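Engineer:
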Amino acid sequence: MSNATAKRKKALKRILSRFDLYLMLLLPISWYVIFQYGPMYGLQIAFKDYNPIQGFIGSEWVGLENFTRFFSSYYFGRLLWNTLSISLLSLLIAFPIPIFLALLINEIKNLNLKKTLQNVTYIPHFISLVVIVGMLDLFLSPDGGFINIILNSLGIESIPFLEKPEWFKTIFIGSNIWQNMGWQSIIYVAALSGIDHQLYEAAKIDGASRLQRIIHVSLPGIFPVIIILLILDIGQFMNVGFEKILLMQNNLNLESSEVIQTFVYRNGILNGDYSYSTAIGLFNSIINFALLLLINRYARKKAETSLW
Amino acid sequence: MIQSSSKISDGKMFDIVVVLISAVILVIVLYPLLFVLSASFSDPAKVMNGEMWLFPVDFNLDAYAEIFKNNEIWIGYRNTIIYTTLGTIINIGLTTLAAYPLSRRDLPGRNLMMFMITFTMFFHGGLIPTYLIVQNLGMIDTIWAMVIPNAIATYNLIVMRTYFQTSIPWELQEAAMIDGCSNIKLLFKIILPLSKPIIAVLVLFYAVAHWNAFFNALIYLRDDALYPLQLILRQILLVNQLGGTDAAGQFGMDEKILLGQSVKYALVVVASVPVLIMYPFVQKHFVKGVMIGSIKG
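Each protein sequence line maps, in turn, to chains A and B. Using this note's numbering, you'd call the opening residue of the first sequence number 888 and step up by one each time. Using this note's numbering, you'd call the opening residue of the second sequence number 744 and step up by one each time.
(1) Just the Cα atoms here: how many angstroms apart are A:Tyr1087 and A:Pro1111?
(2) Would you tell me roughly how many angstroms separate the C-alpha atoms of A:Val1076 and A:Val1007, rounded to the nearest one?
(3) Between the C-alpha atoms of A:Glu1145 and B:Leu961, what's the straight-line distance to the nearest angstrom?
(4) Checking contacts by CB at 8 Å: is A:Ser1105 closer than that to chain B?
(5) Using the beta-carbon of each residue, which ones in chain C are nearer than 9 Å to A:Asp936?
(6) Span of the alpha helix (DSSP H) holding A:Arg1187?
(7) Within the continuous alpha helix (DSSP H) that includes A:Val1112, where are the two ends?
(8) In terms of residue numbering, what span does the alpha helix (DSSP H) encompassing A:Met911 cover?
(9) Within the chosen definition, does the segment 1133–1148 of chain A reach the segment 895–907 of chain A through at least 3 CB pairs nearer than 8 Å?
(10) Determine, for A:Val1146, whether the minimum Cβ-Cβ distance to residues of chain B falls below 8 Å.
(11) Considering only residues of the same chain and omitting the five flanking positions on each side of B:Thr897, which have a CB-CB separation below 8 Å?
(12) Determine the burial state of A:Thr955: buried for a count of at least 16 other Cβ atoms within 10 Å of its Cβ, exposed for fewer.
(13) Let me confirm a value: B:Ser846 is counted as buried when at least 16 other C-beta atoms fall within 10 Å, else exposed. Which label applies?
(14) For the segment 844–907 of chain B, list the alpha helix (DSSP H) runs that are entirely contained and at least 4 residues long, ordered along the chain.
(15) Under the DSSP definition of a beta bridge, which residues are partnered with A:Trp948?
(16) Whose C-alpha, out of A:Lys900, A:Gly964 and A:Leu930, is nearest the C-alpha of A:Glu1142?
(17) Is it the case that the segment 879–896 of chain B contacts the segment 953–973 of chain B, given that we only count it when at least three CB pairs across the two stretches are under 8 Å?
(18) Along the chain, where does the alpha helix (DSSP H) that runs through B:Phe931 open and close?
(19) For B:Gly793, would you say it is in contact with chain A, using Cβ-to-Cβ distances shorter than 8 Å as the test?
(20) Would you call the CB atoms of B:Ala842 and B:Arg904 closer than 8 Å?
(21) Relative to the C-alpha of A:Leu991, which candidate in A:Ile980, A:Asp1024, A:Phe982 and A:Leu1004 has its C-alpha closest?
(22) Can you give me the C-alpha to C-alpha distance between B:Ala918 and B:Thr909, rounded to a whole angstrom?
(23) Could you name the residues of chain B that A:Phe1110 contacts, counting a contact when the two beta carbons are closer than 9 Å?
(24) Quick one, which of B:Val946, B:Phe907 and B:Val951 has its alpha-carbon nearest B:Leu937's?
(25) Taking only the alpha-carbon atoms, compute the straight-line gap between B:Gln916 and B:Asn893 and give it to the nearest angstrom.
(26) Would you say A:Ser1172 reaches chain B, if we count a Cβ-Cβ gap shorter than 8 Å as a contact?
(27) A:Ser1015: beta carbon under 7 Å from a heavy atom of the ligand FMN?
(28) Enumerate in chain order the residues of its own chain whose CB-to-CB distance from A:Tyr1161 is below 7 Å, with the five nearest sequence positions on each side excluded.
(29) Is B:Gln993 helix, strand or coil when you go by DSSP?
(30) Please go through the same chain and pick out, in chain order, the residues whose beta-carbon is closer than 7 Å to the beta-carbon of B:Ala1009, but skip the five residues on each side of it.
(31) Which same chain residues, not among the five before or five after B:Pro1017, have their C-beta less than 8 Å away from its C-beta?
(32) Taking 8 Å as the CB-CB cut-off, is A:Thr1165 touching chain B?
(33) In or out: B:Gly992 buried (at least 16 other Cβ within 10 Å) or exposed?
(34) First and last residue of the alpha helix (DSSP H) that includes A:Tyr1152?
(35) Under 8 Å: do the segment 1166–1175 of chain A and the segment 1112–1126 of chain A share three or more Cβ pairs, one atom per stretch?
(36) Suppose contacts are defined by Cβ-Cβ distances below 8 Å. Is A:Gly942 in contact with B:Ile876 by that definition?
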């Protein structure tokens, strides 16, 4: 018994002797409690009929009503389809491109060209989403946008791209690639530079061509990094860069541009339908989180790489 | 060693293909940027009928003159500078206050705290509950809504903590502690001076995020006197409202529409240049920052 008290005293002393460290943590931890865990606590209103006067706790329970209303609504299918298809297409098309770019940069022998290509492809990452979408608007405009001027000179009539639902995904993903491929390639380039040069030499002696060396040395060398980034990407699967989608949306392309997150914004912030929107957002987060757990577990088993 | 001639040409072919693809990528990335820049200095009529394709045609500064006359843009600029400066100071302050103690291996309970913090990267309460919290705190339509809800980016916190742990020898910290150095002194006199590169990267990350942010302003601000530049840009570029000074008196309707187009090009330039100027200074530290961030703590 006295042993336990002594232990407890010792632990207390250890904690007290670092009181200045805890003091430093006071502000950041309070921030996490209020702005990260506070909203998690607020998620309960997904199961309630939120009333601002009664607050998170006082509002009346309604069970799964908000969820069933969403699942049975006629736009549920469309929202889910748009969210999933934009995510999946991004993953299939936009994810591999930075890897390709990094492999390309790694193969450039001229140092100037190498540096130029890297620095130039970083630039668009620093341009704001509003400006990027503004540029898309200018370039794709049916009167005077340079894409349509090119089409016109080829004898094709102007296309109002941003008003066509069928063009939305292409423009969204294409401009994402343009904006982010350089930035996303940084980490692969760094990983490539860490590969042991003797491996390349050995492959060379074995008669491997440049392409074979990429496939059998470079790619396996950065495989763990690819897996980690893939997991992180899938952890954001349902969020699909919705801020940009929101900027690109108009009434004419809504059919293919409305995703779960933009719907939550529209319905929650603009219409003030808090409980219902929270339920939809929670549905989104749960799928997201489940996907993350699933892919992480799968990667740990199959590729022996994982986030935790 | 003598290589066969076919092998040499193989390698050369490969190099040529590499250079060609690089050139194509360079053109694809650069062309839109140069086009915007040139269009902002050109006669808008020539831009719209396709006469300008790379260099400015009929060089003029009308669009920039129009921007300088516009009050909203100046207010937006001023607000953005305030939000970016104040926000980045808060960001760096809070991130350091969290990263330093959490980097100390002698801190009881640090693993639990780290887990709680990392968890927020993968799961959060979402848009509406966050909005309601900010609303309940009375931050709607105040400058605080622009700087407090995003006071810490967990990713950056992990980057900084990992840097403290891996780049600053623990022995150095222990030695200072034995000499009777307090934690505050240790942080300011030893750790921070040794961490300049990572602080530079985080300042860049945070400042760029503030400069480019529009969503928080969109949901938390109603009063347009508080609007940051990005919201003003959104109105002009995407919602097509060119307010402020009235150009209609000086120009006919067609001319006004045309000028509106070139104002958009000029706005893209004016809004992006400050960030692009900043980036060469910290660019050399990027890779380190990104690499450290990929290591999970």
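Ideal Cβ positions, reconstructed from N, Cα and C, are used throughout, including at glycine. Here the structure is a predicted model, which means the values were calculated and not measured.
Structural biologist: A quick look at the data gives this:
(1) 19 Å
(2) 15 Å
(3) Taking the straight line joining both Cα atoms gives about 18 Å.
(4) no
(5) Among the chains of the structure shown, chain C does not appear; the protein chains present are A and B.
(6) Tyr1161 to Lys1189
(7) Unbroken alpha helix (DSSP H) run through A:Val1112: Leu1106 to Ile1121.
(8) Phe906 to Tyr919
(9) no
(10) Under the Cβ distance rule, A:Val1146 does not count among the residues neighbouring chain B, no pair being separated by less than 8 Å.
(11) If we look at B:Thr897 and ignore the five residues flanking it on each side, its Cβ neighbours are Ile860, Thr861, Thr863 and Met864.
(12) exposed
(13) buried
(14) 853–865, 870–879 and 887–890
(15) A:Lys935
(16) A:Gly964
(17) Yes, the segment 953–973 of chain B touches the segment 879–896 of chain B.
(18) Counting along the chain, B:Phe931 sits inside no alpha helix (DSSP H), nor does DSSP assign it H or E at all.
(19) yes
(20) yes
(21) A:Leu1004
(22) 17 Å
(23) Correct list: empty, because the minimum Cβ distance to chain B is about 14 Å.
(24) B:Phe907
(25) 31 Å
(26) yes
(27) The ligand FMN is not among the ligands present in this structure, which contains no ligands whatsoever.
(28) The answer, listed in chain order, is Ile932, Tyr937 and Gly1155.
(29) Per-residue confidence for B:Gln993 stands at a pLDDT of 47, beneath the threshold of 50, marking its modelled position as unreliable; the derived number appears in the next sentence. In this structure, B:Gln993 counts as coil in the three-state DSSP scheme.
(30) Ser783, Ala806, Tyr807 and Ile810
(31) Trp954
(32) yes
(33) Unreliable placement is indicated for B:Gly992, whose pLDDT of 43 sits below 50; the coordinate value is still reported in the next sentence. Burial call: exposed.
(34) From DSSP, A:Tyr1152 is part of no alpha helix (DSSP H); its letter is neither H nor E.
(35) yes
(36) no
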